[in-house]
Each structure stands twice: as structure tokens, then as C-alpha cells.
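Residue numbers for the sequence shown follow the working numbering, so the first one is 2 and each next one is one higher. Notes for the one structure printed next.
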Amino acid sequence: MNTGVPLAETLRPKDFKDFVGQAHLVGRDGILTKLMARDMLPSLILWGPPGSGKTTLAHLVATKIQAHFVALSAVTAKLDDVRKIVAESAVRQSHYHQRTILFIDEIHRFNKAQQDAFLPHVEKGTIILIGATTENPSFEVIGPLLSRSRVLVLKQLVTEELLQIAEKALKSIRKKIDKQALAFLLEAANGDCRILLTTLEIAAGINPKPTLKLPDIEQAFQKKQLLYDTAGEEHYNTISAFIKSMRASQPDAALYYLARMVEAGEDSLFIARRMVIFASEDVGMAQPTALVVANEVFKSCEVIGYPECAINLAHGVVYLALAKKDRSAYDGLRLAQEDVRRFGNLPIPLFIRNAPTKLMKELGYGKGYEKYSQASFLPDKLRERKYYIMKKDKSGL
């Protein structure tokens, strides 16, 4: 009978022994296990991908230490909500000696001022703050709050862990599933427990038969959900892997990461821009025409757009991955920038200065330029400096 409660909520573990995954945190030697055993629980930032168990973990921690549990979402919560909870927590602590865990889902959505509001209450111990985020806390959580909290990293669930959860869910909804459908479900869930459970719940709802088959799971999914946020951590991880694959001359890996970005709807011009930069930074003087190719790919993306411009991107990616690499121009620029930052605006030699006025000519500006054409044009202090060092073997990385 349908109670209206989502399957993911129905199956939420009530005890750590039923919690699946994150053994590095909650296993026998896990850091969270040790902190709770010693009653030394600090405020926590739980950082991990969707469906890895952040909310469930917060619930279980509160139960384990017998704390009052309050949950808010940073998407809808306001500072007044936080102030009210803090005031109630202070009363509960002084009258009943009970701690309060304030769980903030998607804490990265709070701005700096909102995050600042937690600091005095975390400092005094009025609340134990547990923030959950899918984004890198280094970028999304203010430093003072990070310094007063312990960041715990949750890992994406692996196939074996998803299988355990799927078996419990199937037992709960009184369904079986054939091997092909199960294999697709475990792969398409992409490590996300919530997606897996929601898909099973929908599939069971549209198929009254006792066994779920591949078409049921495909219909429930509609489309495989890719973990990719164009402004978030996975965005930067993927583009980094993409660039490094081209740099290592691995076209297969580069095409794979390109495909991930294309399928997730990444802006084609963003990808093309990175390729234009790569053409000068990494290929450089080894194959100067790489910049021409990369620019043409960029123009193609501007003119054609998705889906066809993905073909142009793939063409450019393979070309850049297979091209010889020479970072000498890029390295030379960085060395020159270091000297500029170190020495400031050193005097430019007089003989190469512009002399638009009579006074400047009298002072020697531009004098003897032809005579000194073979001399170093660098400032005197840097006369012997070499920035561009030509590579003898341009095939090296």
C-alpha cells in the first residue's frame, strides 16, 4: 500500500549497523566512530556527491549522541529561522543538558553573511552544526567556519554498496528484478543512492508484475543522470581531466571527458576556449598551426552549435592530443612575469625607447638603435636572462 512516504525516506537507516558505505568514516576505525565514542563531536562539514548518505549520517549522529535534531535547507531557510533554533537550543542545553544538532543541507548556498551568523554559536557550543555540501568547502564555506569544523569527505557509492541498498529496496516493495535490468540500474544510478531508490519506486509503480525488467527501469529513468554541475566541483574535475589527457597525448581519455561534458550540456564555447588556450600553452612552437585549428573549432561552435559542433570539438581534441608538445613559449612568459613582479618596471634601454619629441631625442631616446640591433634589448639588470629556451626534442611533454 502506498503511504505517500518516498521509498528513500522509508528505508533511511535508523542505526549505524544498517548504514551502507563510508566505512572510512563510520567503520570500526572510522574518524566519526572514534569522535562519537569519545564524546568529542565537533561541528562537521559533510562533503560528498549526491546520494552518498550525508543527510542520513547527520540523523544517525544525532541519534547516537542523543542530541536534539533540527534540519534546515539553505535554499529556503532564513536567518530568522536560525536565530529561533539557536535560542531554543540554548534553553534546551541549560534546562535539560541536551545538545542540539543543526543540520544545514546545501550549506554552500548560504552567503558569507549568513555563514558568519553561525560562528559565535558554534564557538560557544550552543549548537553542533552539521553542514552538507556537494561543493568543495574550500571555495564555498568561509574560512572561520571551516576552522571551527571538521570536514569529512564522503565517497561516491560503489556498485557493491548500491547492490545492498537495491536488495533491501526490492524486499521492501516486494519485487524482483532480472539481471539485465539490475545491471543497468546499478550503472545508471551513477553512485547515487537516492536516484537508485527513486527509480525502483517509479518502476514498481508502473509495472504491476512481480519482476521488473529492463524496459521498466529505462522508462523510470527516462535519461541517465550525469553528476555534473556547470558551476561546481565536478565541472572543474572534468575539465582538468580533459586538459591533462590532451597534455599526456591520450586521445581516448580526452574524447571520453569531452563526451562527459557534451552529454551533461556543458557550454561548447567553454570547451573550445580551453582548447584555444591549450594550443598555445601546451602545443606551442612544436606545431604552431594548432592555434589555427583550435580557433576554427571555436568558430564552428559559434556558428553551428550543438549537437553537430560536438563533431568539430572531437576533431580538434584528437588533433591537439596527438600534436607534439612544447611549453617553451608559455614557460618563458611565466619566467618573465616573475621578474616583472620581482623587479618592477626596470628602466628600458634608451636606444629602444620611442623619441617623439625633440627633448627626448636630445636625451638619447632611440639613439643608435641600428648600431645596437644585435645587443640585448632587455633592461640592464636582466641583460643575460633567458626566458625562451628552445626545446631540442619537441615531442616531450
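Where is the CB? At the ideal position from N, CA and C, for every residue including glycine.
(request) Would you decide whether Ser139 is buried or exposed? Buried here means 16 or more other CB atoms lie within 10 Å of its CB. (result) Counted from its first residue, the sequence shown places residue 139 at position 138. Result: exposed.
(message) Would Lys177 and Pro211 be called neighbours here (beta carbons separated by less than 8 Å)?
(response) On the sequence shown, residue 177 is found 176 positions in, with the first residue counted as 1. On the sequence shown, residue 211 is found 210 positions in, with the first residue counted as 1. A distance below 8 Å separates the beta carbons of Lys177 and Pro211.
(message) Considering only their Cβ atoms, is the gap separating Ala59 from Ile102 smaller than 8 Å?
(response) Residue 102 sits at position 101 when you count from the first residue of the sequence shown. Residue 59 sits at position 58 when you count from the first residue of the sequence shown. Going by C-beta atoms, Ile102 is nearer than 8 Å to Ala59.
(message) What residue range does the alpha helix (DSSP H) around Val71 cover?
(response) Your numbering for residue 71 matches position 70 in the sequence shown. Annotation for Val71: no alpha helix (DSSP H) segment contains it, though the beta strand (DSSP E) segment containing it runs His69 to Ser74.
(request) Starting from Gly333, follow the beta strand (DSSP E) in both directions and report where the run begins and ends. (result) For the purposes of this step, residue 333 is taken as the residue at position 332 of the sequence shown. Unbroken run through Gly333 is the alpha helix (DSSP H), Ser329 to Phe344; no beta strand (DSSP E).
(message) Helix, strand or coil for Gly132? Go by DSSP, reduced to three states.
(response) By one-based count along the sequence shown, residue 132 stands at place 131. Of the three classes helix, strand and coil, the one that applies to Gly132 here is strand, per DSSP.
(message) Quick check on Ser53: does DSSP put it in helix, strand or coil?
(response) On the sequence shown, position 52 is the one that residue 53 refers to. Residue state, collapsed to three classes: coil.
(request) Look at the alpha carbon of Asp381 and the alpha carbon of Gly367, and state the distance between them as a whole number of angstroms. (result) By one-based count along the sequence shown, residue 381 stands at place 380. By one-based count along the sequence shown, residue 367 stands at place 366. Between Asp381 and Gly367, the C-alpha separation is close to 16 Å.
(request) Quick one: give me the first and last residue of the beta strand (DSSP E) that Asp106 is part of. (result) Locating residue 106 in the sequence shown gives position 105, where the first residue counts as 1. Start and end: Thr101 to Asp106.
(request) Would you kindly check if the distance between the Cβ of Cys302 and the Cβ of Ser329 is under 8 Å? (result) Against the sequence shown, residue 329 aligns to sequence position 328. Against the sequence shown, residue 302 aligns to sequence position 301. Contact flag unset, no.
(message) So, with DSSP's three-state summary, where would you put Arg384?
(response) In the sequence shown, counting from the first residue as 1, residue 384 sits at position 383. DSSP places Arg384 in coil when its eight states are reduced to three.
(request) Following the continuous beta strand (DSSP E) through Ser150, name the residue where it begins and the one where it ends. (result) Stepping through the sequence shown from its first residue, residue 150 is reached at position 149. Note, Ser150: beta strand (DSSP E), Ser150 to Val154.
(request) Put Leu58 into one of helix, strand or coil per three-state DSSP. (result) Taking the sequence shown and counting its residues from 1, the one referred to as residue 58 is at position 57. Residue state for Leu58 is assigned as helix, using DSSP reduced to three classes.
(request) Verify whether the separation of the beta carbon atoms of Lys47 and Ala133 is less than 8 Å. (result) As a first step, residue 47 must be located in the sequence shown, where it is residue number 46. As a first step, residue 133 must be located in the sequence shown, where it is residue number 132. Note on residue identity: the sequence assigns Leu, not Lys, to residue 47. The answer is yes: Cβ separation under 8 Å.
(request) List the residues that DSSP assigns as beta-bridge partners of Ser44. (result) Position 43 of the sequence shown, counted from the first residue, corresponds to residue 44. When DSSP reads this structure, Ser44 sits in a beta bridge with Ser150.
(request) Put Thr212 into one of helix, strand or coil per three-state DSSP. (result) Stepping through the sequence shown from its first residue, residue 212 is reached at position 211. Strand, per DSSP.
(request) Throw me the rounded Cβ distance for the Val298 and Asp327 pair, which I believe falls under 8 Å. (result) Residue mapping note: residue 298 aligns to position 297 of the sequence shown, counting from 1. Residue mapping note: residue 327 aligns to position 326 of the sequence shown, counting from 1. With a Cβ gap of about 20 Å, Val298 and Asp327 do not count as contacting.
(message) For a test of your reading of the model: does the CB of Met391 fall under 7 Å from any non-hydrogen atom of the ligand NAD? Yes or no.
(response) Of ligands this structure carries none, so the ligand NAD is not represented either.
(message) So, at 8 Å on beta carbons, what are the nonlocal neighbours of Gln251 in its own chain, with the 5 sequence-adjacent residues on each side left out?
(response) What you label residue 251 is simply residue 250 of the sequence shown in a count that begins at 1. Closer than 8 Å at the Cβ level, and outside the excluded window around Gln251, lie Ala322.
(request) Confirm, please, whether the CB-CB distance from Leu213 to Leu45 is below 8 Å. (result) Reading the sequence shown from its first residue, position 44 is the one you call residue 45. Reading the sequence shown from its first residue, position 212 is the one you call residue 213. No, the pair does not count as a contact, with Cβ atoms beyond the cut-off.
(request) Compute the Euclidean distance between the alpha carbons of Ser396 and Asn112, then round it to the nearest angstrom. (result) The residue you call residue 396 lines up with position 395 of the sequence shown. The residue you call residue 112 lines up with position 111 of the sequence shown. The predicted position of Ser396 is uncertain, since its pLDDT is 44 and thus under 50; a value taken from the coordinates is nonetheless stated next. CA-to-CA, the gap between Ser396 and Asn112 works out to about 47 Å.
(message) Using 8 Å as the threshold, is the C-beta distance between Arg100 and Ala68 below it?
(response) Mapped onto the sequence shown, residue 100 falls at position 99. Mapped onto the sequence shown, residue 68 falls at position 67. In this structure, Ala68 lies closer than 8 Å to Arg100 by Cβ.
(request) Report all residues from its chain with a CB closer than 8 Å to the CB of Asp82; omit the five preceding and five following residues, and keep chain order. (result) Translated into positions along the sequence shown, residue 82 becomes position 81. Answer for Asp82: Leu73, listed in chain order.
(message) If I measure Cβ to Cβ from Ala91 and keep anything under 6 Å in the same chain, skipping five residues before and after, which residues do I get?
(response) Translated into the one-based positions of the sequence shown, residue 91 becomes position 90. Here the set comprises Thr127.
(message) In the DSSP assignment, the alpha helix (DSSP H) including Lys169 goes from what residue to what residue?
(response) Taking the first residue of the sequence shown as 1, we reach residue 169 at position 168. Lys169 -> alpha helix (DSSP H) spans Thr160 to Ile174.
(message) I'd like to know whether the C-beta atoms of Ala221 and Thr200 end up nearer to each other than 8 Å.
(response) Taking the first residue of the sequence shown as position 1, residue 221 is located at position 220. Taking the first residue of the sequence shown as position 1, residue 200 is located at position 199. Thr200 sits close to Ala221, with the two beta carbons spaced by under 8 Å.
(message) So the candidates are Arg248, Glu264, Glu267 and Val263; which of them puts its Cα closest to the Cα of Ile278?
(response) Start at 1 with the first residue of the sequence shown, and residue 278 comes out as number 277. The candidate whose alpha carbon is nearest that of Ile278 is Arg248.
(request) Could you pull the start and end residues of the alpha helix (DSSP H) that Glu297 belongs to? (result) As a position in the sequence shown, residue 297 is number 296, starting the count at 1. Thr290 to Val304 is the extent of the alpha helix (DSSP H) around Glu297.
(request) Look at Gln115 and Leu80 and say whether their C-beta atoms are less than 8 Å apart. (result) Walking along the sequence shown from the start, residue 115 turns up at place 114. Walking along the sequence shown from the start, residue 80 turns up at place 79. At the C-beta level, Gln115 and Leu80 come within 8 Å of one another.
(message) Using the Cβ count rule (16 or more neighbours within 10 Å means buried), how would you classify Thr135?
(response) One-based indexing of the sequence shown puts residue 135 at position 134. That one is buried.
(request) Less than 8 Å between the CB atoms is what I'm expecting for Ala75 and Ile108, so what's the real figure, rounded? (result) To locate residue 75, count along the sequence shown from 1; it is residue 74. To locate residue 108, count along the sequence shown from 1; it is residue 107. That belief holds up - the Cβ atoms of Ala75 and Ile108 are roughly 5 Å apart, short of 8 Å.
(message) By alpha-carbon positions, which one of Gln288, Arg274, Ile174 and Cys310 ends up nearest to Asn208?
(response) Looking up residue 208 in the sequence shown gives position 207. Distances from the CA of Asn208 to each of Gln288, Arg274, Ile174 and Cys310 were compared; the closest alpha carbon is that of Ile174.
(request) Out of Thr290, Tyr389, Pro350 and Val318, state which residue places its alpha-carbon closest to the alpha-carbon of Ala334. (result) In the sequence shown, residue 334 corresponds to position 333, counting from 1. For the record, residue 334 in the displayed sequence is Leu; it is not Ala. Minimum Cα-Cα distance from Leu334 among the listed residues Thr290, Tyr389, Pro350 and Val318 corresponds to Tyr389.
(message) If you measure between the beta carbons of Gly28 and Gly54, is that distance less than 8 Å?
(response) To locate residue 28, count along the sequence shown from 1; it is residue 27. To locate residue 54, count along the sequence shown from 1; it is residue 53. Against a cut-off of 8 Å, the Cβ pair of Gly54 and Gly28 comes out as no contact.
(request) Taking Met262 as part of the alpha helix (DSSP H), name the residues at either end of that continuous run. (result) Residue mapping note: residue 262 aligns to position 261 of the sequence shown, counting from 1. Unbroken alpha helix (DSSP H) run through Met262: Pro252 to Glu264.
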